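K.L.:
Going by UniProt numbering, the sequence shown opens with residue 1, and the numbers climb by one from there. By construction, the Cβ of each residue, glycine as well, lies at the ideal position given by its N, Cα and C atoms. Just so we're clear, the structure is a prediction, and the values are computed from it rather than from any experiment.
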Amino acid sequence: MDALTFHQRQSLKSIFDSVASPNPSGSPSVGFKQLGFLLRAQGVFSTESEIRDMISEVDTTGSGTMGYEEFANLMSRSIKAEAEPFEEITDAFDQIGDGTWVTKVTIKSAIESLGVPITDEEVDEMLAEADVDNNGKISREDFKFLMEQRHKNLDKQLTNS
């Protein structure tokens, strides 16, 4: 966590405080539901098992939850991680679409196949955000643009807070 800037630490603390709830000892903590919510808010759709694994990587107390320091440690890894290569992003696009387009049905199906519940409204929001030409489908270029924007927005939020 030492590599984080002052503003990034402040932003992480604010995020942590907004979702943390008291654990049995009364200290604020974040569990898998809160972490899942935060990840989904950033467009990251992980299974319950993956989220629990993330927590266990930093959970120094074995409680299944994270205090602020553990949370900041986990988040700092994500912040400093290199962006996923676009070849991998387009491979994911090909797996859920026909190689040219992704539709509302294929987006919802792909997310639900990960064990993550998603409403039609949430899919509509994703589609509206990525569907640059408003044709009800996401092209490979729209998808790449969305992934680039999400990465830039996360970096901007954490450096400008």
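Relative to the alpha-carbon of GLY43, which residue among VAL116, ALA72, GLY26, LEU12 has its alpha-carbon at the smallest distance?
P.N.:
VAL116
K.L.:
So the candidates are LYS104, GLY64, SER56; which of them puts its Cα closest to the Cα of ASN135?
P.N.:
LYS104
K.L.:
Go through its chain and collect everything with a Cβ distance to GLU84's Cβ below 6 Å, but skip five positions before and after it.
P.N.:
Because GLU84 carries a pLDDT of 48, less than 50, the predicted location of this residue cannot be relied on, and the following value inherits that uncertainty. Result list for GLU84: empty, nothing under 6 Å.
K.L.:
Going by C-alpha to C-alpha distance, which of SER27, GLY26, SER25, ASP53 sits closest to LYS33?
P.N.:
Considering only alpha carbons, the answer is ASP53.
K.L.:
Looking only at its chain, what residues have a beta carbon closer than 6 Å to the beta carbon of ALA41, apart from the 5 residues adjacent to it on each side?
P.N.:
none
K.L.:
Which partner residues of SER21 appear in the DSSP bridge assignment?
P.N.:
SER29
K.L.:
Quick one: what does DSSP say VAL116 is sitting in, helix, strand or coil?
P.N.:
coil
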